Amino acid sequence: MMVNRKFIIGIVTVTLLVFALQLQMPRKFEWGVTFSPVDRNPFGCWVMDSVMRQALPKGYEARRTTLTQMALSKDSTCNILRLTNTYPPLDSLDIDAIKRLTARGQHVMLVANSLDASGADTAAVAKAFGATMRGYDSFSLQDAQRYLSTGASIQEIATWHKGANGYPAHRYRVLYAMTGSQVSIVDSVRWEVLAGHPATNTQKKHTVLAATRRMGRGRLTLVSMPLLFSNYGTVVGDHSALLFRLMSGVAGRKVVRLTQQETTDEKQALSQTPLRVLLQFTPLRWALYLSVAVLLLFFVFTARRRQRVIPVTASPVNHTLEFTQLVGTLFYLRHDRTALVRRKWALFANALRRTAGVDVEALDHDDHLFTVLAERTALSYEDVARRIKHLRYLVANENNLSVDTMRRAISQMDDMLRRM
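Numbering (my numbering), first residue to last: 151 to 570.
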């Protein structure tokens, strides 16, 4: 028992140690762009959605829906944020939905690398909005490491225009991958530039990164920096400040961010069972697997140690048949009734030793004998004492007993055995 206890304590200690070591190990980030509400990697939106829910005064929600569904709904009290690297380009239905949303006074912010996929789409978007977006923002960890190894900077300058959204001009240092796309303004009269990328030696012309305009009773804002609207952009330096300047333009109402992926509330609804919580995190999952494997090994080895060979025992002797044969021999042939009572007495004593653990032939323990038999047979102490003493007298008698005496003695012994 002591060995088993030490074994269990050792296994539990090792399991806890492995679990603690896995929790302390650095986590490897995935740098893929998902904008998923449940993705905690740099370019997911779990942190951003959590921060925006606390920071925006009118509220914030990530909802799995589309522009068309929002336009068809009767809810006109919220502003719309459409953030994507994975959405399909804008089609005619999306353009009509944006027009309906802005016509009833809602502010729509489109954050993307590009709004179109072909020349015809570009013309349709430019005609509808007076501007479009083109380019492609991507981040490669290998490219960033290569730039740093050569001494080059992985940051670019994004300039906030003076007076835009009521803020003073400011220069922000942002990740180079966030300035690869631009807003192409066709109707410059209607559009107000919010932020841009200043001209450089390689880029001679000023690049617009964010712009806004009135449209119907509402407003339309285009932002060509989708990587800014991520967990990375929410917590890192100038990125966070620039992000909140852009979000302040839609903060006058509740903001609904459109997504095509599983939201946090939906994931929490699926993660109510303890097993899902254990399987959700890698350290807990491996700790569970290790615990199950150790328990299986423990059960197997314990079962093998406890296996014992069961000896083959002889069948119990049928004393009833023996007694019947004795009756036929002694009573009917010899008429030796005293020997018959003595043989029954021997069987009676053997049965009491086996079932009650007492010896009726030991005269020096009569008090204990009578007490035990009285409890087991529900007879009184005096009745048991009288019967045992009378049976002893008959067994010790040398004279041949009468038939009635023999029958009464055998009946008394059978009655006591039956009561037990």
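Ideal Cβ positions, reconstructed from N, Cα and C, are used throughout, including at glycine. Given the structure is predicted, the values throughout are model-derived calculations rather than measurements.
Own chain, CB closer than 8 Å to residue i, minus 5 neighbours either side, in chain order
i	result
residue 203	209, 210, 211
residue 334	276, 281, 282, 283, 284, 358
residue 440	165, 168
residue 387	323
residue 355	349
residue 252	258, 365, 366, 367, 368, 369, 370
residue 170	none
Residue j beta carbon less than 8 Å from that of residue i
i	j	result
residue 343	residue 281	no
residue 523	residue 506	yes
residue 239	residue 200	no
residue 304	residue 326	yes
residue 258	residue 368	yes
residue 213	residue 409	yes
residue 289	residue 370	no
residue 221	residue 242	no
residue 401	residue 207	yes
residue 376	residue 233	yes
residue 577	residue 380	Outside the displayed span of the chain (151 to 570) sits residue 577, for which this structure offers no information.
residue 231	residue 407	yes
Classification of residue i by the beta-carbon crowding that lies within 10 angstroms, buried from 16 upward
i	result
residue 318	exposed
residue 557	exposed
residue 295	exposed
residue 348	exposed
residue 244	buried
residue 487	buried
residue 539	exposed
7 Å CB neighbourhood of residue i in its chain, flanking five on each side removed
i	result
residue 559	491, 541, 544
residue 503	509
residue 385	197
residue 445	none
residue 308	322, 324, 329, 345, 347, 359, 392
Whole-angstrom distance between residue j and residue i, CA atom to CA atom
i	j	result
residue 398	residue 405	11 Å
residue 564	residue 157	55 Å
residue 570	residue 472	22 Å
residue 530	residue 462	42 Å
residue 247	residue 217	6 Å
residue 548	residue 562	20 Å
residue 518	residue 568	21 Å
residue 163	residue 514	59 Å
residue 313	residue 320	10 Å
residue 571	residue 155	For the chain, the structure presents residues 151 to 570; residue 571 sits outside this window and is missing.
Beta-bridge partners of residue i, as assigned by DSSP
i	result
residue 311	In DSSP, residue 311 forms no bridge with anything.
residue 404	228
residue 346	309, 358
Own chain, CB closer than 6 Å to residue i, minus 5 neighbours either side, in chain order
i	result
residue 180	191
residue 254	226
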